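Engineer:
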Amino acid sequence: MIARADRLVDANPLLKGSPYVGYVYSYPHKTAYRPLDPPVALGPLWAGERRDSLFLYLHIPFCGMRCGYCNLFTRAKPAEAQVSGYLDAMRRQAARVRSAIPDATFARFAMGGGTPTYLGLSELESALDVAERTMGADLSQIPGSVEVSPGTADVEKLGLLRERGIDRISIGIETFDEAEAAAVSRPQKTTAVERALETIKRSGAPTLNIDLIYGLPGQSVASWLRSIRAALRFAPEELYLYPLYVRPLTALGRSQREWDDLRLACYREARDLLRAEGYAQVSMRMFRAPHAPEDRGPVYRCQEDGMIGLGCGARSYTSGLHHGSEYAVGGRSIRAILDDYIARPDHAFDLADFGCSLGEDDRRRRYVIQSLLSGEGLDRLGYLTRFGTDPLDDLPELADLPGLGLAVDAADRLALTDAGLERSDAIGPWLYSDRVRRLMEEYAWR
Ligand SMILES: C[S@@+](CC[C@H](N)C(=O)[O-])C[C@H]1O[C@@H](n2cnc3c(N)ncnc32)[C@H](O)[C@@H]1O
Ligand code: SF4
């Protein structure tokens, strides 16, 4: 007879439900953001925060195409006037933010999107100027990352990025199989992909990251492994392997197409292959090569240090408030949000008017989620020093994880096992507060 405890383990939704509940890119999720009434002035908001090791993020919401799976805040082939109006608004926003937080110093920089290299060379230069001249980030001294796509990674733009101190280039490849890419409305020639990767290598970028997606329509475990091996030929310092999520309002989400869900099988095979190649697994999605350079520059801990995000679609994090612009996936809504951003008068950038506050409970949950889902695990003493309590007292459900085989608790560190890592996207949402879960459920997709 099966003991009751075993039956409980067997029935646990963390083990029996889908491993793909939600990607916890950040907590609270942007679908938990709402208009802030009243808006919050940035100066007083940041006055009580540490401002000496911040993350500066610039969002470029433009692309050459709109891929069928993508729900990021971006639009394809914008009119040139919108691009120039956008860069001007971002510079105006930066100037106001800088005067509200004049002593902010930065430990990290990233420019993402969208596709920052969709910008022309001089536009890309002015976006970097916003970071360096207006915000005062010294890109030659801190780690900096820029996202590129195969169609936009040319010699001139990569040369500029290298010259300006960008040391990590992250490229979305998704698949080396042309038919798989075409099936998700991402027309992509393998020869162009290989040319872009060679250009990045030749630019001397110390870190090349390649994004790949598994679970694509028409993909098999064998074709997935072929894509990974094709990526390995370029010796990337980092690989991000994303399970496909079909999200509302994307082309795939509207198609209601069904296909075999091979994601877990793809994940396991890829993990084993990369480990055999010497790559270390940093999180469910991230793998780092043995030849990857040591992290340089000031220490930045995402659990503790804040972020200033500029541009539409970017988010800013203080300990008690996360804020940004409105979020949308549908083309018409994105256009309207962009138009509103571009038309903003300068003084409107002094205020945070859309976001999500974090009470004591959500601050603690955020720390736990971010620590646990990264390879470093949850350091119980670090948590105690920060919050004055033991995380297992604050979130007693954490004690279930070792019993389910999803984590080990050793030397005051709770760390996910292999079984836990592959269920990161179930464990993260399981730790959401009721409040954040309710806000996310009530979000109206647009
Ligand atoms: C900003 S893009 C990367 C750079 C560039 N825009 C490109 O596509 O080449 C961010 C990455 O998120 C991942 N991604 C976006 N939507 C996804 C989804 N629905 N499911 C899985 N991965 C997704 C893709 O791997 C994509 O490369
Ligand atoms: S995956 Fe990249 S290129 Fe495609 S729409 Fe999303 S951000 Fe743009």
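For what it's worth, the numbering used here labels the leading residue of the sequence shown as 24, then goes sequentially. All residues carry an ideal CB built from backbone N, CA and C; glycine is no exception. Just so it is clear, the structure is predicted and the values come from calculations on it, not from any experiment.
Say yes only if the C-beta of G136 is nearer than 7 angstroms to one or more non-hydrogen atoms of ligand 1, and no if none qualify.
Structural biologist: Yes, ligand 1 has a heavy atom inside 7 angstroms of this Cβ.
Engineer: Classify P419 as helix, strand or coil using the three-state DSSP reduction.
Structural biologist: Three-state result, P419: helix.
Engineer: Along the chain, where does the alpha helix (DSSP H) that runs through S49 open and close?
Structural biologist: S49 -> no alpha helix (DSSP H), and no H or E assigned at all.
Engineer: Please go through the segment 60-138 and give each complete alpha helix (DSSP H) segment of 4 or more residues, from N-terminal end onward.
Structural biologist: Fully enclosed alpha helix (DSSP H) runs of 4 or longer: 65-70 and 103-123.
Engineer: Does the distance between the C-beta of L95 and the nearest non-hydrogen atom of ligand 2 fall short of 7 angstroms?
Structural biologist: Because some heavy atom of ligand 2 lies under 7 angstroms away, the Cβ of L95 counts as near it: yes.
Engineer: Roughly how many angstroms lie between the CA atoms of I25 and L37, to the nearest whole one?
Structural biologist: Low confidence applies to I25: its pLDDT is 49, below 50, so where it sits in the model is not reliable, and the reading given next is rough at best. Cα to Cα, the separation comes out at about 20 angstroms.
Engineer: Across which residues does DSSP place R57 in a beta bridge pair?
Structural biologist: In DSSP, R57 forms a bridge with G378.
Engineer: Ligand 1 heavy atoms versus the CB of R270: any closer than 7 angstroms?
Structural biologist: Result yes, Cβ under 7 angstroms from ligand 1.
Engineer: Checking 8 angstroms against the spacing of the C-beta atoms, do S76 and D328 come in under that value?
Structural biologist: Their beta carbons are under 8 angstroms apart, which means S76 touches D328 by this criterion.
Engineer: Taking all protein chains shown into account, decide if R387 is buried (16 or more other Cβ within 10 angstroms of its Cβ) or exposed.
Structural biologist: Buried, because 16 or more other Cβ atoms sit within 10 Å of the Cβ of R387.
Engineer: Can you grab the Cα-Cα spacing for the pair C325 / H370, in whole Å?
Structural biologist: Taking the straight line joining both Cα atoms gives about 29 angstroms.
Engineer: Could you pull out every residue in the same chain whose Cβ sits closer than 8 angstroms to the Cβ of L418, ignoring the five residues on either side in sequence?
Structural biologist: So the list reads R387, R388, V391 and L454, once near-sequence residues are dropped.
Engineer: Using only CA atoms, which one of C379, R436 and V352 lies nearest to W468?
Structural biologist: Minimum Cα distance to W468 is reached at V352.
Engineer: By a C-beta neighbour count over all protein chains shown, 10 Å radius and 16 as the cutoff for buried, is D416 buried or exposed?
Structural biologist: Looking at its Cβ environment, which holds fewer than 16 other Cβ atoms inside 10 Å, D416 is exposed.
Engineer: Going along the chain, which residues of its own chain have a beta-carbon closer than 7 angstroms to the beta-carbon of A64, five neighbours each way excluded?
Structural biologist: Within the same chain, A64 has close Cβ partners D373 and L374.
Engineer: On the CB-based measure, 16 or more other CB atoms within 10 Å of its CB, does V178 come out buried or exposed?
Structural biologist: Exposed, by the Cβ-count rule.
Engineer: With a Cβ-Cβ cutoff of 8 angstroms, do A254 and L262 count as a contact?
Structural biologist: Yes.
Engineer: To the nearest angstrom, how far is the alpha carbon of A204 from that of A422?
Structural biologist: Straight-line Cα distance between these residues: approximately 42 angstroms.
Engineer: Hey, C90 and V207 are a contact pair by Cβ (cut 8 angstroms); roughly how many whole angstroms apart?
Structural biologist: Right, the Cβ-Cβ distance comes to about 6 angstroms (below 8 angstroms), so this counts as a contact.
Engineer: Nearer than 7 angstroms: is that true of the beta carbon of S172 relative to any heavy atom of ligand 1?
Structural biologist: Checking every heavy atom of ligand 1 against the Cβ of S172, one is found closer than 7 angstroms.
Engineer: My guess is that D448 and P51 are in contact by the Cβ rule of under 8 angstroms, so how many angstroms apart are they, rounded?
Structural biologist: Contact doesn't hold; Cβ gap of about 16 angstroms is too wide.
Engineer: In this structure, how does DSSP classify M24 when only helix, strand and coil are distinguished?
Structural biologist: Note that M24 has pLDDT 44, beneath the 50 cutoff, so the model's placement of it is unreliable and no number is given.
Engineer: For a test of your reading of the model: does the CB of M158 fall under 7 angstroms from any non-hydrogen atom of ligand 2? Yes or no.
Structural biologist: No, the beta carbon of M158 sits no closer than 7 angstroms to any heavy atom of ligand 2.
Engineer: I'd like to know whether the C-beta atoms of H314 and A258 end up nearer to each other than 8 angstroms.
Structural biologist: Cβ distance < 8 angstroms, so H314 and A258 count as in contact.
Engineer: Apart from the five residues just before and just after L297, which ones in its own chain have a Cβ nearer than 6 angstroms to its Cβ?
Structural biologist: Cβ neighbours of L297 beyond the five flanking positions: F310.
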